[in-house]
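Undergrad: Can you read through this structure? Questions will come right after.
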Amino acid sequence: MKKLIPYARQTVDEQDIEAVIKVLRSDWLTTGPTVDVFEEAVATFVEARYAVAVSSGTAALHAAMYAIEISQGDEVIVPPMTFAATANAVVFQGGVPVFADVTSDTLLIDPEKVREKISPRTKAIVAVDYAGQPCDYAVLRKIADENGIVLVADACHALGAKYKDCRAGSLADLSVFSFHPVKHITTGEGGMVTTDNNRYAKRMRRFRNHCIDTDHRQRAEKGGWFYQMVDLGYNYRISDIQCALGISQLKKLPEWIKRRRKIAEHYTDAFSSCRAVEPLAVLPDRFHAYHLYVIRVKSEKEQITRDELFTALRSGGVGANVHYIPVHLHPFYRETFKTAEGLCPVSEAAYRQIISLPIYSGLNDADVDIVIHELLCATDKA
Ligand SMILES: *Cc1c(COP(=O)(O)O)cnc(C)c1O
Numbered sequence: 016m017k018k019l020i021p022y023a024r025q026t027v028d029e030q031d032i033e034a035v036i037k038v039l040r041s042d043w044l045t046t047g048p049t050v051d052v053f054e055e056a057v058a059t060f061v062e063a064r065y066a067v068a069v070s071s072g073t074a075a076l077h078a079a080m081y082a083i084e085i086s087q088g089d090e091v092i093v094p095p096m097t098f099a100a101t102a103n104a105v106v107f108q109g110g111v112p113v114f115a116d117v118t119s120d121t122l123l124i125d126p127e128k129v130r131e132k133i134s135p136r137t138k139a140i141v142a143v144d145y146a147g148q149p150c151d152y153a154v155l156r157k158i159a160d161e162n163g164i165v166l167v168a169d170a171c172h173a174l175g176a177k178y179k180d181c182r183a184g185s186l187a188d189l190s191v192f193s194f195h196p197v198k199h200i201t202t203g204e205g206g207m208v209t210t211d212n213n214r215y216a217k218r219m220r221r222f223r224n225h226c227i228d229t230d231h232r233q234r235a236e237k238g239g240w241f242y243q244m245v246d247l248g249y250n251y252r253i254s255d256i257q258c259a260l261g262i263s264q265l266k267k268l269p270e271w272i273k274r275r276r277k278i279a280e281h282y283t284d285a286f287s288s289c290r291a292v293e294p295l296a297v298l299p300d301r302f303h304a305y306h307l308y309v310i311r312v313k314s315e316k317e318q319i320t321r322d323e324l325f326t327a328l329r330s331g332g333v334g335a336n337v338h339y340i341p342v343h344l345h346p347f348y349r350e351t352f353k354t355a356e357g358l359c360p361v362s363e364a365a366y367r368q369i370i371s372l373p374i375y376s377g378l379n380d381a382d383v384d385i386v387i388h389e390l391l392c393a394t395d396k397a
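Just so we're aligned: 263 in this note's numbering is position 248 of the sequence shown, and the numbers increase by one with no gaps anywhere.
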């Protein structure tokens, strides 16, 4: 077996390791001061007033749904072209995810389809910044305001991205990030919600700690033992050990985004003369953070199919991947919400054509050239 170039991978250096060791020698392994420092660093970076750190991106989505009081029967509009957790978080709170299709050139949620799906029970929209390109937040904001509903961003792909000079993390009422190792920066597992709304921030701080009204450190400072659980919450806390890694990683993010964008530019140039594939569209008022680099296999007559290209890339040592199977086609959704093929035709057609190519901050030029070579060879032969 040839060494496989993965589609994504973390970059961890000695500085990161030192930062983690320092916390291991300190008094607080969890609910300590390093959590606050990480939250402040992310809030500052994305230009939001508050940031609440939790144990994963999925926990962050769940906390956001709790903050805005999604409950039994409430409808939340989501795109199908995303990781299942975006819709699952709605279901965790008893809500109903209503799938609105994407635009075919970018695979971002289509504001016109969002309008069509609004009902008297709609409480929120969760927009997904697919691949790292922000959605059209000006239009989504207008739709949300006109209908008195909340706008949430699943910005798990978009840390460092911008829409018209505003950072992902400050574009919606609440924005969600993940620090899984495939994402821009990692804490092993981890997530964050950013918001300018103090009430939402307070609700999420409570929610991540069983909805108990004080945390361990607050009680330690006061020297008391009494606490009350005021609602049903979870243990979604993130540790100081993880946050130390996050703080150290965040310092490198601007350089890493430059590298991701450079790799993307390289791919786009190299594939410009290849008739079998085309990259997704990048809109002029967006600064793309390239969590993913996605190409569409055109699959016209006599040309290679997506599955053939996928197999050729994998056997050439390229860890290609597919993001995503439309969420409404998963058995859980088909069975629970009676969703079926035909509900979101643009996403369904795109799903049969897309491939994600390797892109991450530590991917070197030699490996980028291997990816390009393997792709051009495979499409040439077809
Ligand atoms: C990664 C991701 C999540 C979930 O994050 P975890 O940290 O893995 O729980 C949710 N939504 C999207 C779009 C993601 O890419």
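Note that CB positions come from ideal geometry on N, CA and C, so glycine has one too. This structure is a prediction, so every number in the text was calculated from the model and none was measured.
For the beta strand (DSSP E) holding Phe114, just list the boundary residues, first then last.
TA: On the sequence shown, residue 114 is found 99 positions in, with the first residue counted as 1. From DSSP, the beta strand (DSSP E) with Phe114 extends over Val111 to Phe114.
Undergrad: Indicate whether at least one CB of chain D lies closer than 7 Å to the CB of Cys150.
TA: Checking the listed chains, one finds no chain D in this structure; it contains a single protein chain.
Undergrad: Buried or exposed: Glu90, going by 16 or more other Cβ atoms within 10 Å of its Cβ?
TA: Residue numbering aside, residue 90 sits at position 75 when the sequence shown is read from its first letter. Counting Cβ neighbours within 10 Å, Glu90 comes out buried, since at least 16 surround it.
Undergrad: Indicate the three-state DSSP secondary structure (helix, strand or coil) for Lys138 in the structure shown.
TA: Stepping through the sequence shown from its first residue, residue 138 is reached at position 123. Note: Lys138 maps to strand in three-state DSSP.
Undergrad: Nearest CA to the CA of Asp380: which residue from Gly334, Ala279 and Leu358?
TA: As a first step, residue 380 must be located in the sequence shown, where it is residue number 365. Checked all of Gly334, Ala279 and Leu358; the closest Cα to Asp380 is Ala279.
Undergrad: Should Asn250 be labelled buried (16 or more other beta-carbon atoms within 10 Å of its own) or exposed?
TA: Along the sequence shown, read from residue 1 onward, the residue named residue 250 stands at position 235. Answer is exposed; the Cβ neighbour count stays below 16.
Undergrad: Checking 7 Å against the spacing of the C-beta atoms, do Val208 and Val67 come in under that value?
TA: If you number the sequence shown from 1, residue 208 lands on position 193. If you number the sequence shown from 1, residue 67 lands on position 52. Their beta carbons are under 7 Å apart, which means Val208 touches Val67 by this criterion.
Undergrad: Measuring only the C-alpha atoms, how far is Thr49 from Leu122?
TA: On the sequence shown, position 34 is the one that residue 49 refers to. On the sequence shown, position 107 is the one that residue 122 refers to. Each residue's alpha carbon lies about 37 Å from the other.
Undergrad: Do Leu166 and Ala159 have their CB atoms nearer than 7 Å?
TA: Counting from 1 along the sequence shown, the entry for residue 166 is found at position 151. Counting from 1 along the sequence shown, the entry for residue 159 is found at position 144. In contact: Leu166 and Ala159 (Cβ atoms closer than 7 Å).
Undergrad: Start and end of the beta strand (DSSP E) containing Asn193?
TA: Residue numbering aside, residue 193 sits at position 178 when the sequence shown is read from its first letter. It should be pointed out that residue 193 corresponds to Ser in this sequence rather than to Asn. From DSSP, the beta strand (DSSP E) with Ser193 extends over Leu189 to Ser193.
Undergrad: Would Val105 pass as a contact of Ala115 if the rule is Cβ separation under 7 Å?
TA: Indexing the sequence shown from 1 puts residue 105 at position 90. Indexing the sequence shown from 1 puts residue 115 at position 100. No, Cβ-Cβ distance for Val105 and Ala115 is not below 7 Å.
Undergrad: Can the beta-carbon of Tyr178 be found less than 7 Å from the beta-carbon of Arg64?
TA: On the sequence shown, position 163 is the one that residue 178 refers to. On the sequence shown, position 49 is the one that residue 64 refers to. Contact flag unset, no.
Undergrad: Excluding five sequence neighbours on each side, which residues of the same chain lie with their C-beta closer than 8 Å to the C-beta of His345?
TA: Within the sequence shown, the letter at position 330 stands for residue 345. Closer than 8 Å at Cβ, skipping near neighbours: Ala99.
Undergrad: Ligand 1 and Asp169: does the residue's C-beta get closer than 6 Å to at least one heavy atom of that ligand?
TA: Residue mapping note: residue 169 aligns to position 154 of the sequence shown, counting from 1. Flag set: Cβ of Asp169 near ligand 1.
Undergrad: What is the rounded straight-line gap between the Cα of Arg367 and the Cα of Arg321?
TA: For the purposes of this step, residue 367 is taken as residue 352 along the sequence shown, with counting starting at 1. For the purposes of this step, residue 321 is taken as residue 306 along the sequence shown, with counting starting at 1. The alpha-carbon atoms of Arg367 and Arg321 are separated by roughly 7 Å.
Undergrad: Between the stretch 28-35 and the stretch 256-271, do three or more beta carbon pairs fall short of 8 Å?
TA: Yes, they touch.
Undergrad: Which whole-angstrom value describes the C-beta separation of Arg218 and Tyr81, a residue pair presumed to lie in contact below a C-beta threshold of 8 Å?
TA: Stepping through the sequence shown from its first residue, residue 218 is reached at position 203. Stepping through the sequence shown from its first residue, residue 81 is reached at position 66. With a Cβ gap of about 6 Å, Arg218 and Tyr81 count as contacting.
Undergrad: Determine the closest residue to Gly72 out of Pro196, Arg182, Val111 and Pro149, with distance taken between C-alpha atoms.
TA: Position 57 of the sequence shown, counted from the start, is the residue given in the question as residue 72. Ranking Pro196, Arg182, Val111 and Pro149 by Cα distance to Gly72 puts Pro196 first.
Undergrad: Among the candidates Phe325, Gln257 and Ala364, whose CA atom is the shortest distance from the CA of Leu39?
TA: If you number the sequence shown from 1, residue 39 lands on position 24. Cα-wise, what sits closest to Leu39 is Gln257.
Undergrad: Using the C-alpha atoms, what's the distance from Leu298 back to Pro126?
TA: Along the sequence shown, one-based indexing puts residue 126 at 111. Along the sequence shown, one-based indexing puts residue 298 at 283. Each residue's alpha carbon lies about 15 Å from the other.
Undergrad: How long is the line joining the alpha carbons of Asn212 and Asp144, rounded to whole angstroms?
TA: Position 197 of the sequence shown, counting from 1, holds the residue named residue 212. Position 129 of the sequence shown, counting from 1, holds the residue named residue 144. Their backbone Cα atoms lie some 21 Å apart in a straight line.
Undergrad: From the DSSP secondary-structure annotation, give me the bridge partner or partners of Ser71.
TA: Numbered from its first residue, the sequence shown carries residue 71 at position 56. None, per the DSSP bridge assignment.
Undergrad: If I measure Cβ to Cβ from Thr283 and keep anything under 8 Å in the same chain, skipping five residues before and after, which residues do I get?
TA: Here residue 283 is taken as the residue at index 268 of the sequence shown, counted from 1. So the list reads Pro294, once near-sequence residues are dropped.
Undergrad: Using the Cβ count rule (16 or more neighbours within 10 Å means buried), how would you classify Cys392?
TA: In the sequence shown, residue 392 corresponds to position 377, counting from 1. Burial call: exposed.
Undergrad: One question on the structure: do Gly184 and Tyr305 come within less than 7 Å of each other, judged by their Cβ atoms?
TA: In the sequence shown, the residue the question calls residue 184 occupies position 169. In the sequence shown, the residue the question calls residue 305 occupies position 290. Contact flag unset, no.
Undergrad: If you draw a straight line from the alpha carbon of Lys273 to that of Asn162, how long is it in whole angstroms?
TA: Here the question's residue 273 lines up with position 258 in the sequence shown. Here the question's residue 162 lines up with position 147 in the sequence shown. Whole-angstrom Cα-Cα distance: 38 Å.
Undergrad: Tell me whether Asp42 is buried or exposed, calling it buried when 16 or more other Cβ atoms sit within 10 Å of its Cβ.
TA: Numbered from its first residue, the sequence shown carries residue 42 at position 27. Asp42 comes out exposed.
Undergrad: For the stretch 18-32 against the stretch 223-233, are there 3 or more C-beta pairs whose distance is under 8 Å?
TA: no
Undergrad: Whole-angstrom Cβ separation of Val383 and His281, contact assumed at under 8 Å?
TA: Taking the first residue of the sequence shown as 1, we reach residue 383 at position 368. Taking the first residue of the sequence shown as 1, we reach residue 281 at position 266. Going by Cβ atoms, the distance from Val383 to His281 rounds to 6 Å, so yes, they are a contact pair.
Undergrad: Ignore the nearest five residues each way along the sequence and tell me which others in Thr394's own chain have a CB closer than 6 Å to its CB.
TA: For the purposes of this step, residue 394 is identified with residue 379 of the sequence shown, where counting begins at 1. So the list reads Cys289, Ala291 and Ile319, once near-sequence residues are dropped.
Undergrad: Taking DSSP's pairing of strands, which residues face Ile85 in a bridge?
TA: For the purposes of this step, residue 85 is identified with residue 70 of the sequence shown, where counting begins at 1. Answer is none; Ile85 lacks a bridge partner.
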